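Residue numbers (our numbering): 3 to 189. Cβ atoms here follow ideal geometry from the backbone N, Cα and C, with glycine treated the same way. As the structure is a prediction and not an experimental result, all values here were calculated from the model.
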Amino acid sequence: IPSHIVITLKQVLEHDETCHRELHDKLYKRERFYREILLPHIELVSKNLQQELIFDGLRDAELHPLLKVSSCIPVTPTGASLKKPGELIDPKSSISILFTCEEGRFPYFPSHVDKTQDLHSALVMLGMATNDLTWPEITDRCKRVANLAEETRHQYLKVLLHLMEHTVTQNDKPPDYISSEIKKIPF
3 IPSHIVITLK
13 QVLEHDETCH
23 RELHDKLYKR
33 ERFYREILLP
43 HIELVSKNLQ
53 QELIFDGLRD
63 AELHPLLKVS
73 SCIPVTPTGA
83 SLKKPGELID
93 PKSSISILFT
103 CEEGRFPYFP
113 SHVDKTQDLH
123 SALVMLGMAT
133 NDLTWPEITD
143 RCKRVANLAE
153 ETRHQYLKVL
163 LHLMEHTVTQ
173 NDKPPDYISS
183 EIKKIPF
């Protein structure tokens, strides 16, 4: 709601008790609006408004618990595909080379959106992967090596092997079935 309308509503509510009672039950606080209206019906909202509201919501820590569990972050220019923050890969991270844009794992920021650090930080805080993947995701990335062009393969493998080493040193050893599966993958 534009700020001048909010100001006018507040002025009316301060001076008219009957109006105050009537409107109070019909007004939504920001968190309730996101929880009950926007996020459950996000696909019905125009893409431009949808993106504006979501990016604005990312700047509000009170809304983070709601955004974290909602498929609301655009990963395509049209906004047709939305992901939960935990399904995203940081496009600035070293592991981003392991993914393609077509996979829909990178957040999409339209050119008109202010891409300040706070949006990036919020997405990381809400689960966007920066330097870690799960073992099933690592296994999936290993399976892609054989299909890579020769000029891409070396850097891809370097990042993938570093990721595997990093994951193991974080005391997250792969389960036996994952280890067996990775050992069978031709590099």
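Asked	Found
Can you list, in chain order, the residues of its chain whose CB lies under 7 Å from that of Gly106, leaving out five sequence neighbours each side?	Val77, Thr78, Ser83 and Lys85
Under the three-state reduction of DSSP, which class applies to Lys85: helix, strand or coil?	strand
Looking at Arg37: is its Cβ nearer than 7 Å to the Cβ of Leu100?	no
Relative to the alpha-carbon of Phe111, which residue among Lys175, Leu121 and Lys31 has its alpha-carbon at the smallest distance?	Leu121
Counting along the chain, where does the alpha helix (DSSP H) carrying Cys74 start and finish?	Per DSSP, Cys74 belongs to no alpha helix (DSSP H) and is neither H nor E.
Per the contact definition of three or more C-beta pairs closer than 8 Å, is the segment 151 to 166 in contact with the segment 123 to 132?	no
With DSSP run on the structure shown, which of helix, strand or coil describes Ala231?	Nothing can be reported for residue 231: it is not among the residues displayed for the chain, which extend from 3 to 189.
Under 7 Å, do Ile184 and Thr141 count as touching if we go by C-beta distance?	yes
Verify whether the separation of the beta carbon atoms of Gly59 and Gly88 is less than 7 Å.	no
On the criterion of 16 or more Cβ atoms from any shown chain inside 10 Å, does Ala63 qualify as buried, or is it exposed?	exposed
Within its chain, find whatever has a CB closer than 7 Å to the CB of Leu41; leave out the 5 residues flanking it on each side and keep chain order.	Leu68, Ser72 and Cys74
Which residue marks the beginning of the alpha helix (DSSP H) containing Asp2, and which one marks its end?	No answer is possible for residue 2: it lies beyond the span of the chain, which begins at 3 and ends at 189.
With a threshold of 8 Å on Cβ separation, who are the neighbours of Gln53 within its own chain once the five nearest residues in sequence on each side are excluded?	Pro76, Gly81, Pro112 and Val115
Report the CB separation of Leu159 from Val147 in whole angstroms; it is logged as a contact under 8 Å.	6 Å
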